[in-house]
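Report on the structure given below.
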Amino acid sequence: MNKNALIAVALVAVVAVAAVAVYFMTNNGNGDKNDDKDPDVIYSDPGKRIGEDMSKNTPSSLSRLWVYGNSNEDDRINQADVTYLEGVIAGKNARTELSDTNVDGVVNQADVDHLKSILAAGTDTKLDVYYIDDYTTIQKVSWPVKTIAISYCSGVYTTEVTGLMDKVAMVNDEIKNNNWLYLNSRFATVPSSGSVSSPDWEAILKAKIDVYVPGYFSGDTDPIARDQLRGMDVMFKHTCDGSGIPNINIDRSILMYGYLLQGDMDLTYKYLAWHDDCMDKMKAAAAKLTPAQKENLVMARSFISTGASTYSITGGQNTNLVHAAWAGVNCPTQTLALTPNLYTSLTMEQIETVMMQSAKASNNTVFYIINEHDGLRNSKDLDVGVPAWAEVLKNRPETIHYLGMAREGGNSPFYVVEMAFYQNVLYPELDTGLDYREMMEYFIDNFTDETENYKQYFDIDNFFKDFGVL
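Its first residue numbered 3, the sequence shown is counted upward by one per residue in this note's numbering.
The following block contains the structure:
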């Protein structure tokens with residue numbers, strides 16, 4: 003045998019030995035690598051997709067329950083979702099994003115099993131439930147949820163309509179330091195989590211909270227919250243509207259808040275039914291308004307104060323302007339060059355220009371609403387601040403009709419009351435059967451835990467008030 007032949011034989015031998023070694027290393031000498039797995043069990047990797055950006059692949063916008071397992075993408079997770087999901091697996095139904103119940107990237111029997119576990123879950127069942135948060139990423143909440151930390155006034159009102167007050171084990175400084183403290187006796191007995199912009203991480207950890215809900219965005223603290231809380235569930239679901247940000251809506255937040263935190267779903271759906279009925283009536287009425295009938299509204303976010311050189315005027319897709327537009331109101335500052343942002347600081351001369359540009363051509367009238375911290379925060383007084391604006395603008399040629407509202411009246415489940423206020427005052431001829439005062443009373447009577455506290459501390463004129471032409 004020549005030298006080249008010997009080398010060839012040696013190489014074949016080396017390759018053969020290596021192949022045998024690889025086989026035994028990868029299969030442990032037990033044949034196929036799946037031989038030790040039960041062929042009747044569907045293997046999966048639950049939670050694999052946590053953190054995935056869903057901004058380009060969101061579920062149906064018609065669904066308010068972006069929770070995985072809601073396979074038919076309506077507003078409920080129930081047996082209909084099991085049936086739909088089984089149809090997806092059988093090839094009879096189209097796969098939806100929320101069909102991937104266990105978010106492992108594959109839709110199969112394991113998703114049906116996980117969905118059935120969700121439906122069968124009791125008060126002590128341990129289970130991860132996955133959802134899409136307001137950063138449009140996939141996240142999870144671990145059930146059971148026994149304790150929550152809530153923030154801000156909108157967190158209080160959202161907790162009320164979802165029947166979750168008995169789980170509140172922590173509130174933030176905004177609640178502790180304002181009249182919201184008196185709405186529920188629990189608030190005085192539980193610790194503070196700091197503020198949304200400066201959370202007390204150690205206090206939250208010490209309280210052993212199941213789920214921390216900031217309630218609104220904080221660019222400085224949100225990115226580090228999960229690391230600071232060392233694995234504690236943090237739920238970024240706005241309890242106030244998102245100023246035109248797609249898919250951030252109070253009604254969606256309410257439903258997901260109630261479901262994910264295991265609240266009173268009967269109460270939650272009762273609120274949504276009332277909400278939807280009010281919205282349908284108001285939007286139907288708004289649709290009947292002709293362009294000539296529509297009134298023009300400008301909104302300020304600050305009172306007159308000594309030494310101030312600029313004042314905040316809302317523009318663009320500001321939450322309250324969006325609500326006013328839904329109610330059939332023209333909001334010129336959504337498109338004026340002087341007010342391109344949600345909030346723009348303007349000099350008094352610029353504000354006078356805005357008034358001139360915003361007045362209705364047919365009657366030179368503009369409705370001017372001052373949106374400040376009255377309500378239960380009560381750090382501002384509409385009865386003082388609104389007339390002060392009228393005094394400053396008294397020589398304007400426009401007819402200015404003055405209104406006042408508390409900021410919490412629009413950045414919370416009360417926004418349907420806000421919309422009714424606009425319609426009742428600007429369009430008294432509209433017959434919707436809705437009165438904003440009666441709506442607030444209905445909310446208090448039907449959706450609050452300690453109703454007597456609301457009746458004691460609430461004054462509707464601190465939330466919404468028509469001052470007329472001053």
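Heads up, the beta-carbon is just placed ideally off N, CA and C, and yes, glycines get one too. From a predicted model like this one, the values you see are computed outputs, not experimental measurements.
Residue state for S156 is assigned as helix, using DSSP reduced to three classes. Rounded to whole angstroms, the gap between the alpha carbons of V105 and R51 is 6 Å. Nearest to D135 by alpha-carbon distance, out of S195, L185, W68 and T191, is W68. Between the alpha carbons of M281 and V331 lies a gap of roughly 15 Å. The segment 295-310 makes no contact with the segment 444-453, as fewer than three CB pairs between them are under 8 Å. With a contact defined as Cβ atoms closer than 8 Å, K169 and K148 qualify at about 6 Å. Around the CB of Q425, 16 or more other CB atoms lie within 10 Å, so the residue is classed as buried. The segment 313-324 and the segment 343-360 touch, with three or more beta-carbon pairs separated by less than 8 Å. Counting along the chain, the unbroken beta strand (DSSP E) around Y132 starts and ends at L129 to I134. Separation of the CB atoms of M258 and K272 is rounded to 17 Å, and the pair is thereby denied contact status at 8 Å. Taken through DSSP and simplified to helix, strand or coil, W276 comes out as helix. With 16 or more other CB atoms across the displayed protein chains lying within 10 angstroms of its CB, V158 is buried. For D115, the secondary structure class from DSSP, reduced to helix, strand or coil, is helix. The three-state reading of DSSP puts D229 in helix, counting H, G and I together. When L436, N180 and A123 are compared, the shortest CA-CA separation from S153 is found for N180.
When the alpha-carbon of D113 is set against those of Y214, S101 and V192, the nearest one is in S101.
Selection M407, S62 and G260 evaluated against E162 yields G260 as nearest (Cα-Cα). Per DSSP, reduced to three states, the secondary structure at P201 is strand. Judged by beta-carbon spacing, R78 lies beyond the 8 Å limit of R254, meaning their Cβ atoms are not closer than that value.
Look at G435 here: in three-state DSSP terms it is coil, with no helix or strand label. Here the alpha carbon of D437 sits roughly 16 Å from the alpha carbon of M407. E374 sits in a strand when the DSSP states are folded into three classes. About 16 Å separates the CB atoms of T164 and P146; that is not less than 8 Å, and the two are not in contact. Of the candidates S63, I371, V356 and A122, I371 places its Cα closest to the Cα of G387.
Contact between D130 and K118 fails: their C-beta atoms lie close to 15 Å from each other, not under 8 Å. Going by DSSP, K467 is part of the beta strand (DSSP E) stretching over F466 to V471. Relative to T191, the option among D212, L207, M167 and T335 whose CA is nearest is M167.
A straight-line Cα-Cα distance of about 15 Å links D222 and L231.
With fewer than 16 other Cβ atoms inside 10 Å of its own Cβ, M358 counts as exposed.
Of all alpha-carbon atoms in N74, N80 and Q81, the one lying nearest the alpha-carbon of K94 is that of N74. Closest in C-alpha terms to P61, from the list W182, D266 and I140, comes I140. Excluding the 5 residues flanking it on each side, D175 has same chain C-beta neighbours closer than 7 Å at S194, G196 and S197, in chain order. DSSP, reduced to helix, strand and coil, places S57 outside both helices and strands of the structure shown, so it counts as coil.
Beta-bridge partners of V143 (DSSP): V131.
The C-beta of N59 has fewer than 16 other C-beta atoms within 10 Å across all chains shown, which makes the residue exposed. Following the DSSP letters along the chain, one finds I252 inside the alpha helix (DSSP H) bounded by residues I252 to L262.
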